[in-house]
Amino acid sequence: MAMARRSRSEDGEYVIVFGGYNGSKEEPTLMKGGVPHTTIEWYSIPVPDEESESDYSALRLTPFSVGELHKVNCFEALKSSIYCLSGCSDEMWILNSTEDSWNCGPHMIVSRRSPHTLVLDGKLFVLGGLEYPPHHSCHWMEVFDPGYGRWEALPNPPSPIDPYFMVSAAFDDTKEILVSSRQQPKSKDDRYQTCVLYSYDVRARSWTKLKPPPFKLQGGGPDPTFNRAVVAANTLHWVWFDNKTELVLQAYHLRTNAWFEGRLTLEDIVLGDEEFLNDIDSPALIHLSHLSGCKFCVPIQSYSGPFLYSVIFEVSKDDEQVKQDFGILNISFVSVQKYRLHHSLRFSNAVLLDGAFNKSMQKKPKLCAN
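Going by the numbering used here, the sequence shown wraps up at 395, each residue one higher than the last.
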């Protein structure tokens, strides 16, 4: 789970940028040079949305870019460009906001599949995406510096890291990357997956095993191929859905080694009549983003229609109450905005950026009928 990047414009506005495949599955729609390509549409929504209507009307979203790309596993936004990594290859495609055209960028040193991507210190970091366990000579992590226009291999972590249960996060203030490594259960009765934390110092280019005791991932949690961890106040946060209508938020405090969990029912406050969330094959949850303080935002996709919901909520910890080894997270609903798409899409991940990105790359969404 990779962390969502956060930035703030002078007026305090944010924008969530996300991409989606044109169709219910990531199936090729075009052949270029013998290589299958897929239509991908790119959208952005302001948070909060100044055009939000009190009567819960839907705003129509128009993509700011549509392109045919080789299957994209993940992407990140850095400054005014979007960087896409193609599946099972070393390719990287770049969209520059001033050109509105996709160009093939410098190739990665190693071909990867669904790696973790992080933006830190003005650079793009790529972690994992290799066969497990990786060969000792493989470059498990590399970094791309747009200023130099090339990829550079970085030191491998002290121990092999299982990509399926890996957690990663970037800390802007200390310029370090946090990565988890899953340990084997001590017994069949263990209720949680136990993990050890490693810290990578970007400036010193060195790994350190953290002193806090191993933390535990609750079983039955989020699908790691779609989930991302978000850092706020030395606490990792991530979300998933339970029973298709309940938002589950977990938090882990790094300094105290304490776990928290909270739930928010979406059926009455978000979804319309005869609407329900997407299933596992087409995930409803796109991304969790930390706005400021105790406020978060998550875009949610409806399965029964081409609708997208931007849900904002606030979180507070209750250290007194404990349920199944977890402290209680109190989640309070703040607002929701509904958007209509031209058709259903299978979304990829998303990033939270400065609101200026929205003004430069997308026209304002228009009000539409139901």
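Just so it is clear, CB atoms sit at the ideal spot from N, CA and C, and this is done for glycine as well.
Chain B within 8 Å of residue i, Cβ atoms only
i	result
L289	In the structure shown, chain B does not exist; there is a single protein chain.
Sub-8 Å separation of residue i and residue j beta-carbons
i	j	result
K148	V168	yes
Y68	L86	yes
G92	R371	no
I3	L155	No answer is possible for residue 3: the residues shown for the chain start at 26 and end at 395.
L110	P140	yes
H312	F321	no
V40	I65	no
L94	W127	yes
G142	E101	Position check: residue 142 holds Thr in this sequence, whereas Gly was assumed. The answer is yes: Cβ separation under 8 Å.
I325	F338	no
L279	N259	yes
C99	S373	yes
Opposing strand residues paired with residue i [DSSP bridges]
i	result
A178	E167
C113	BP columns for C113 are empty, so no partner.
N355	S341
P324	S335
A283	H278
P71	V40
L316	None, per the DSSP bridge assignment.
R138	In DSSP, R138 forms no bridge with anything.
F100	C109
T260	A257 and H278
I294	Paired residue(s): none; I294 is not in a bridge.
L94	T63
S360	I337
A195	I202
S231	D226
T45	The residue asked about is misnamed: residue 45 is Gly in this sequence, not Thr. Partner(s): E66 and F372.
Other residues of its chain near residue i: CB distance less than 7 Å, five sequence neighbours each side excluded
i	result
K388	Here the model assigns K388 a pLDDT of 46, short of 50, so the residue's position is not dependable and the matter cannot be decided.
K342	F285, G352 and L354
C129	E116 and W118
G174	P131
E292	T270
Y277	F240, T260, L261 and W284
S79	Here S79 scores only 46 on pLDDT, less than 50, and its place in the model is too uncertain to base an answer on.
K50	The predicted model places K50 with a pLDDT of 48, which falls under 50 and marks its position as unreliable, so this point remains unresolved.
M133	D115, M117, V151, E167 and W176
Cut-off 8 Å between Cβ atoms - residues of its own chain near residue i, not counting five sequence neighbours on either side
i	result
P331	R365, L366, H367, H368, S369 and L370
V359	K320, I337, F338 and E339
R230	L179 and P180
Supposed close pair residue i, residue j - CB separation, criterion 8 Å
i	j	result
L274	V340	7 Å
F43	A375	4 Å
P183	L103	Actually they do not touch by this definition, with Cβ atoms about 28 Å apart.
D187	S206	7 Å
heavy atom of the ligand GTP below 7 Å from residue i C-beta
i	result
I107	For the structure depicted, the ligand GTP is absent and the ligand set is empty, with no information on it obtainable.
Sequence-distant residues of its chain with Cβ nearer than 6 Å to residue i (five each side left out)
i	result
V361	V295, Y334 and V336
M166	L152 and L179
V204	S193 and Y223
D267	V273
R137	G154
G245	Unreliable positioning characterises G245 in this predicted model, as indicated by a pLDDT of 43, which lies under 50. The coordinate reading is nonetheless provided below. Correct list: empty, nothing qualifies.
N181	W165
K200	D146, V227 and R228
D197	none
T290	E271
A394	Low local confidence applies: a pLDDT of 44 at A394 is under 50, so the model's placement there is unreliable, with the coordinate-based value given in what follows. Closer than 6 Å at the Cβ level, and outside the excluded window around A394, lies no residue.
W232	P182, P183, Y223 and Y225
Determine contact between the region 224-231 and the region 279-289, defined as no fewer than three beta-carbon pairs at a distance below 8 Å.
The region 224-231 makes no contact with the region 279-289: fewer than 3 CB pairs, one atom from each, lie closer than 8 Å.
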